[in-house]
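Numbering (UniProt numbering), first residue to last: 1 to 617.
This is the structure we're talking about:
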């Protein structure tokens, strides 16, 4: 049985894994002020960013779906790992060798499945790359050379060769300590009659990496006439490889995609290589599947998709390419960015275009892009004879649903006018009314929009008192030194919301704000360590949510929040005291009445002082 990772090593992994860097491998983050970063949430669909990262406390929180936690939690959720697997992955990233209790460190045995499969794929990629220089791989080198790729290009993209043997890779990896079960589970081998056999044989190999750069699968191109398999063979679905969300080249392109706010979608591995080498380093490709919703989610996070960037699809000019573009049209409106199509009229793909016409022609192809809406509409009407009235009306009826499906009403109207011009009907009103008729039809069959889970409860947002309590607790989590003993003296009765009471009691049980210091990562981790599962999301939220004050005015703001809460607390005590006094008989219970009256005067005086202090703050 695998040993437990030592607490010291877990703490070291947290310390050396900067959350902004780790999250930044998956999400494009931008400065949100107050030391916070913001991006589009990777855990739910959203059009405006509500995912916040606070590097100073090593925490993240999404105000749209309430997902939150630290760097380990993030890796657990984003890659569907166990806690131990997430720690192992981050340790590997940070160059930390973990120690395991209950038997000590045993390389390989205690690692989680994902880590083992990642290591196996890394070793396989190194093996394939080394084989490309072997005499047997001459056909592979000729293939690359014929497409304009040099040896240094192959090395940059990690291209390799799989020997035409049944067990070349299997023997190599098993000699490195990997088991047959691991190789089969990861898709590197298949079950044969005499044991595991290599999945890829006699083929040119491209390593497929995830967004962080880990090799998770391979694409293999047939080279031999005797190979009766498909032209391209990809890794099957596995615990680390999910083709619906994998984009080839994303590890190399992500920085440029973010920097240029542009992503170019191509159809093959050699097209990605050609575009990158031609000066378009934002190119990526799907891996044996159509571009779909999960690919969109990956790109939106990197693009920081708020309408400023562009996604460019490249398709062949033939009918298959047009069908692919129309499929893309169905997903287009899941982007906020502008979406375009770049089509080479002579049907050349980017790789062939580069070979025949050079790098400049590839760059010109991308520059000549046209809006996907326009391309989709033109593709529909191109099927009809526009020289006859019958053909024009048939084209209108075929294109009208495409225009009507455009969600943006203003854009829909503009394309209706364009459609009239492209058809040559020259009756805008007629065309617009036809499209409006279709757009107005009942939409019962349309899919309902997906909605995010509500944010973690933090009191009634419309209740000023709940907001005040939340601000005080937020300061206690983020800036405990600003509040100190006065906050600790408030007591749980100062709060009205059940979750706020629970958080105050947690802070008190953890030693109070007087022990929180400057409110860094250690303080937050202490609170999370003592929190219940129900309370932990609120602690995370308050550790990330920005304080409503300029950084230079936080001390004054904290004093104001605390004073106002104290004033309200004193006011409630006065109300309770007055209610009790009304039930007393001043004559028969004179001593108790006088005691309460003195307490009343003292409380009124305390409230006046607090009001004056609040006004000053």
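Every residue gets a Cβ at the ideal spot worked out from N, C-alpha and C, and that includes glycine.
Of the listed residues the options, nearest to residue i (C-alpha basis)
i           : options            : result
residue 553 : 526, 475, 68, 487  : 475
residue 178 : 140, 193, 123      : 123
residue 211 : 415, 253, 375, 92  : 253
residue 78  : 127, 23, 137, 55   : 23
residue 261 : 588, 514, 145, 28  : 28
residue 631 : 100, 464, 82       : This structure gives no information on residue 631, because the portion of the chain shown stretches from 1 to 617.
residue 351 : 521, 144, 533, 338 : 144
residue 37  : 55, 44, 26         : 55
residue 95  : 12, 250, 517       : 12
residue 151 : 164, 169, 171, 130 : 130
residue 204 : 296, 142, 241      : 142
residue 268 : 206, 236, 257      : 206
residue 256 : 43, 360, 166, 25   : 25
residue 161 : 184, 221, 183, 398 : 221
residue 596 : 610, 608, 573      : 573
residue 397 : 438, 428, 296      : 438
residue 73  : 33, 126, 19, 32    : 19
residue 404 : 314, 498, 191, 435 : 435
Own chain, CB closer than 6 Å to residue i, minus 5 neighbours either side, in chain order
i           : result
residue 543 : 57, 59, 477, 524
residue 139 : 223
residue 444 : Residue confidence for residue 444 is low, a pLDDT of 44 falling below 50, so the modelled location carries little weight and cannot support an answer.
residue 171 : none
residue 241 : 216, 217, 235
residue 480 : 513, 516, 519
residue 9   : 98, 99
residue 176 : 123
residue 504 : 492, 495
Limits of the alpha helix (DSSP H) - the one that residue i falls within
i           : result
residue 38  : Where residue 38 is concerned, there is no enclosing alpha helix (DSSP H), although the beta strand (DSSP E) it sits in stretches over 36-39.
residue 269 : 269-277
residue 302 : 293-303
residue 391 : 389-404
residue 413 : 409-423
residue 140 : 138-146
residue 352 : 350-357
residue 117 : 113-131
residue 175 : 168-175
residue 92  : 83-94
Cβ-based neighbour list, residue i, same chain, cut-off 8 Å, excluding 5 preceding and 5 following
i           : result
residue 288 : 219, 232, 234, 243
residue 411 : 373
residue 115 : 85, 88, 89, 92
residue 426 : 420
residue 298 : 211, 245, 247, 250
residue 418 : 374, 377
Start and end residues, beta strand (DSSP E) containing residue i
i           : result
residue 246 : Residue 246 -> no beta strand (DSSP E), and no H or E assigned at all.
residue 285 : 283-286
residue 221 : 215-222
residue 619 : Absent from the structure is residue 619, since the part of the chain shown begins at 1 and ends at 617.
residue 265 : 262-266
Residues of its chain near residue i, where Cβ-Cβ distance is below 7 Å and the 5 sequence neighbours each way are ignored
i           : result
residue 385 : 391
residue 149 : 273
residue 494 : 565, 569
residue 514 : 484, 485, 488
residue 370 : 340, 341
residue 526 : 510
residue 280 : 264, 362, 363, 366
residue 167 : 197, 198
residue 275 : 264, 266, 283, 350, 362
residue 50  : 41, 62, 63, 64
residue 431 : 396, 416, 419, 420, 425
residue 302 : 28, 254, 257, 258
Residues bridged to residue i (per DSSP)
i           : result
residue 204 : 161, 221
residue 195 : 192
residue 68  : 61
residue 19  : In DSSP, residue 19 forms no bridge with anything.
residue 33  : 36
residue 370 : 341
residue 234 : 219
residue 311 : 263, 339
residue 5   : 100
residue 209 : 215
Below-8 Å beta-carbon distance, residue i vs any chain D residue
i           : result
residue 416 : The structure shown contains no chain D; it holds only a single protein chain.
**Item:** Minimum length 4: unbroken alpha helix (DSSP H) runs contained in the segment 561-604
**Value:** Contiguous alpha helix (DSSP H) elements confined to the segment 561-604 do not occur, taking only those with 4 or more residues.
**Request:** Would you list, in sequence order, the uninterrupted alpha helix (DSSP H) runs of no fewer than 4 residues that lie entirely inside the segment 477-533?
**Result:** Here the runs fully enclosed are 480-488, 498-509, 521-530.
**Message:** Give the list of continuous alpha helix (DSSP H) stretches no shorter than 4 residues that lie fully inside the UniProt zinc finger region "CHC2-type" (41-65).
**Reply:** Correct list: empty.
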